[in-house]
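Note sheet for the following structure.
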Amino acid sequence: MDGRFWFSNSYAEAAGRFLIACDDLKDAGHNIENDRLEIGRTGPEGEPLCIDVAIIGNLKSGKVLISSSGIHGVEGYPGSAIQLAVMNDLTDEDPFDDHAIIFIHTINPYGMAWWRRFNENNVDLNRNFLTKEQEYKGTPEGYHYVKDLINPKTPPKQKDRWFKLRAIRLILKHGFNNLKQWVAEGQYEDPKAIQFGGFELQSGPEILLSWLDDKLNEIKRIWAIDLHTGLGPSGHDTLLVSTNMDEHQRTHLDKLFPGHVEPLDSNSGVGYQIVGDLHQGLQDRYDHANWTALTQEFGTFKPIDVIMASRAENRWTQWGKYFDENDAKRHWSRKNMLRTFNPKDEVWQIKITSRGRNVFNIARKDLSQSSESTEMTENLNGDINHQ
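Note that the sequence shown ends on residue 389 in this note's numbering; no numbers are left out.
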């Protein structure tokens, strides 16, 4: 089965296929348990919206590989496809007990179901996982230069030439890398604007963290991959890592994934530094473990097209006129969001499922080969963020 097969047409279909994949693994003899973490909302078909989770293997081994998807809603379609393909591969393997795998399927089911990047409160959940020392307040240093440009308080237009002209002026004045950082870092003041990190931890993340508390408190070694789309050349995956990463670990990752590892730095590569991403929050909460965590980011379209899609969709959601959520979902801006972060291109779909499997398998092998003595002596706390 090629990459196209694993892509679902709705949140309900993706969630159903994930549950079937769990049953298939049980039938294949694997030690697996799965849960549905309901967030108290429903989707377009009246289905309960859930963060689906599954554990395969043996947590008592002290080693876990975490695969997560859908923290940015619509990006969950490609992320789900990769996870379903990987789970299918596992059914052909013998049961294992030297490590465990945790699949977190769709951290933001609301966004996936309703074709948004943000959750039911307009919160970007990858800006919501703050560390114990951080506060839900503030904006990026140069945010005042871009705030009005990216957050007009009017419904969107399909043709918005003025945006590109104004963006070019700002780029010429301040530089592309600065604008990229100011737009994407995350802000904690305007709940109707894009990249809003929230005023508090959201209920979905809180439910997920409560579930993880029982699973990770005794784990010594964690490998984590968070799946995303939108940045970089179309179909190419960039593995985004923190600028603070230990040099030994960065060298190790470069050897594992030559030509794909880049720092989260607005002046280097496709990424930028952010506040409150998933892996920051997890590593801070479970700091007893040695972590290797990365974001696998698959490119789709040009940066200007990606920001325009997010901008238009949020303008529609905040300032458009619609009867209900189903009516809102029928708007062109929602359909464009889905297309921008989940292209209906067969070659692209084949590329990302292939690379998603490849990175997962390399990470799993690296985890399996690591020894406890190595883990306890090497500094593997690479803080690896995302968009």
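Every residue gets a Cβ at the ideal spot worked out from N, C-alpha and C, and that includes glycine.
It should be emphasised that the depicted structure is a prediction, and the values quoted were computed from it without experimental measurement.
Can you tell me where the alpha helix (DSSP H) with L284 in it begins and where it stops?
-> In the sequence shown, the residue the question calls residue 284 occupies position 282. Under the DSSP assignment, L284 falls in the alpha helix (DSSP H) whose first and last residues are L280 to R287.
Beta bridge counterpart(s) of A295 as assigned by DSSP | For the purposes of this step, residue 295 is taken as the residue at position 293 of the sequence shown. Paired residue(s): A226.
In chain order, what residues of the same chain lie with their CB nearer than 6 Å to the CB of E77, ignoring the 5 residues before and after it?
-> In the sequence shown, counting from the first residue as 1, residue 77 sits at position 75. These residues qualify, in order along the chain: H230, T231 and F343.
DSSP state of A30, grouped into three classes?
-> For this step, residue 30 is matched to residue 28 along the sequence shown. A30: coil per DSSP, three-state reduction.
Nearest-angstrom Cα distance between E377 and D228?
-> Walking along the sequence shown from the start, residue 377 turns up at place 375. Walking along the sequence shown from the start, residue 228 turns up at place 226. With a pLDDT of 44 at E377, under the threshold of 50, the modelled position of that residue is not reliable, and the figure given next carries that caveat. Their backbone Cα atoms lie some 22 Å apart in a straight line.
Measuring alpha carbon to alpha carbon, tell me which of D29, Q160, V277 and E187 ends up nearest K149.
-> The count along the sequence shown starts at 1 and reaches residue 149 at position 147. For K149, the nearest C-alpha among the options comes from E187.
Reducing DSSP to helix, strand and coil, say where Q204 ends up.
-> Position 202 of the sequence shown, counting from 1, holds the residue named residue 204. DSSP places Q204 in the coil class of the three-state scheme, outside both helix and strand.
How would you call Q251, buried or exposed, if buried means at least 16 neighbouring beta carbons within 10 angstroms?
-> For this step, residue 251 is matched to residue 249 along the sequence shown. Burial call: buried.
My guess is that G81 and R119 are in contact by the Cβ rule of under 8 Å, so how many angstroms apart are they, rounded?
-> On the sequence shown, position 79 is the one that residue 81 refers to. On the sequence shown, position 117 is the one that residue 119 refers to. Not confirmed; about 13 Å, so no contact.
So, N33 versus G59, is the Cβ gap smaller than 8 Å?
-> Position 31 of the sequence shown, counted from the first residue, corresponds to residue 33. Position 57 of the sequence shown, counted from the first residue, corresponds to residue 59. Yes, the Cβ-Cβ distance between N33 and G59 is below 8 Å.
Secondary structure at S71, three-state DSSP: helix, strand or coil?
-> Locating residue 71 in the sequence shown gives position 69, where the first residue counts as 1. In this structure, S71 counts as coil in the three-state DSSP scheme.
What is the residue span of the beta strand (DSSP E) that P265 lies within?
-> Translated into the one-based positions of the sequence shown, residue 265 becomes position 263. Where P265 is concerned, the enclosing beta strand (DSSP E) stretches over V263 to P265.
Could you check how far apart the C-beta atoms of A330 and T319 are, in whole angstroms? I think they sit under 8 Å.
-> Position 328 of the sequence shown holds residue 330. Position 317 of the sequence shown holds residue 319. Their Cβ separation, rounded to whole angstroms, is 7 Å, which keeps A330 and T319 in contact under 8 Å.
Counting Cβ pairs closer than 8 Å, one from the segment 13-33 and one from the segment 193-209, do we hit at least three?
-> no
Note down, in chain order, each residue of its chain lying with its Cβ closer than 8 Å to the Cβ of I173, except the 5 sequence neighbours on either side.
-> Your numbering for residue 173 matches position 171 in the sequence shown. Counting only Cβ-Cβ distances below 8 Å, and skipping sequence neighbours, we find L181.
Helix, strand or coil for R163 per DSSP?
-> As a working mapping, residue 163 is identified with position 161 in the sequence shown. Helix, per DSSP.
6 Å Cβ shell around F7 - same chain, five flanking residues per side excluded | Indexing the sequence shown from 1 puts residue 7 at position 5. Cβ-Cβ distances below 6 Å link F7 to nothing in the same chain once the five nearest sequence neighbours on each side are left out.
When DSSP builds the beta bridges, which residues end up paired with F131?
-> The sequence position of residue 131 within the sequence shown is 129, counting from 1. Paired residue(s): none; F131 is not in a bridge.
Does DSSP put R357 in a helix, a strand or coil?
-> Along the sequence shown, read from residue 1 onward, the residue named residue 357 stands at position 355. Residue state, collapsed to three classes: helix.
Counting along the chain, where does the beta strand (DSSP E) carrying V243 start and finish?
-> For the purposes of this step, residue 243 is taken as residue 241 along the sequence shown, with counting starting at 1. Looking at the DSSP string, the run of the beta strand (DSSP E) that includes V243 is D239 to V243.
Can you name, in chain order, every residue of its own chain whose Cβ lies under 7 Å from the Cβ of F362, other than the five neighbours on each side?
-> The sequence position of residue 362 within the sequence shown is 360, counting from 1. The answer, listed in chain order, is S69, V88 and I227.
Within 10 angstroms of its Cβ, does G177 collect 16 or more other Cβ (buried), or is it exposed?
-> As a first step, residue 177 must be located in the sequence shown, where it is residue number 175. With fewer than 16 other Cβ atoms within 10 Å, it is exposed.
Around the C-beta of I106, are 16 or more other C-beta atoms found within 10 angstroms, so that it is buried, or is it exposed?
-> Residue 106 sits at position 104 when you count from the first residue of the sequence shown. The residue in question, I106, is buried, as its Cβ has 16 or more Cβ neighbours within 10 Å.
What distance in whole Å lies between the Cβ atoms of G206 and Q41, which are believed to be in contact at a cut-off of 8 Å?
-> In the sequence shown, residue 41 corresponds to position 39, counting from 1. In the sequence shown, residue 206 corresponds to position 204, counting from 1. Residue identity check: residue 41 is Ile in the sequence provided, not Gln. Taking 8 Å as the upper bound for CB-CB distance, I41 and G206 are in contact here, some 5 Å apart.
Which of helix, strand or coil does DSSP assign to F178?
-> As a working mapping, residue 178 is identified with position 176 in the sequence shown. Looking at F178 - three-state DSSP - the assignment turns out to be helix.
Under a three-way DSSP split, which group does G45 fall into?
-> Taking the sequence shown and counting its residues from 1, one reaches residue 45 at position 43. Reduced to three states, the DSSP call for G45 is coil.
Residue from Q189, L284, Y147 and W164 whose Cα sits closest to the Cα of L214 | The residue you call residue 214 lines up with position 212 of the sequence shown. Comparing Cα positions, the closest option is L284.
With A56 as the anchor, note down where its beta strand (DSSP E) starts and where it stops.
-> As a position in the sequence shown, residue 56 is number 54, starting the count at 1. First-last of the beta strand (DSSP E) with A56: P50 to G59.
Identity of the residues DSSP links to L1 by a beta bridge | Outside the shown range of the chain, which is 3 to 389, sits residue 1, and nothing can be said about it.
Which word fits F131, buried or exposed, when buried means at least 16 other C-beta atoms lie within 10 angstroms of its C-beta?
-> Taking the sequence shown and counting its residues from 1, the one referred to as residue 131 is at position 129. Around the CB of F131, 16 or more other CB atoms lie within 10 Å, so the residue is classed as buried.
How would you write the range of the beta strand (DSSP E) that H107 sits in, first residue to last?
-> Against the sequence shown, residue 107 aligns to sequence position 105. Where H107 is concerned, the enclosing beta strand (DSSP E) stretches over A102 to H107.
Terminal residues of the alpha helix (DSSP H) in which Q85 lies = For this step, residue 85 is matched to residue 83 along the sequence shown. G78 to T93 is the span of the alpha helix (DSSP H), which, as asked, contains Q85.
S370 versus E95 - alpha carbon distance | Along the sequence shown, read from residue 1 onward, the residue named residue 370 stands at position 368. Along the sequence shown, read from residue 1 onward, the residue named residue 95 stands at position 93. Rounded to whole angstroms, S370 to E95 spans 15 Å at the Cα level.
Mind checking which residues open and close the alpha helix (DSSP H) that includes I310?
-> The residue given as residue 310 occupies position 308 in the sequence shown. Residue 310 is actually Met in this sequence, not Ile. Where M310 is concerned, the enclosing alpha helix (DSSP H) stretches over P305 to W321.
Are the segment 275-284 and the segment 333-347 touching, with three or more C-beta to C-beta distances below 8 Å?
-> Short answer: they don't touch.
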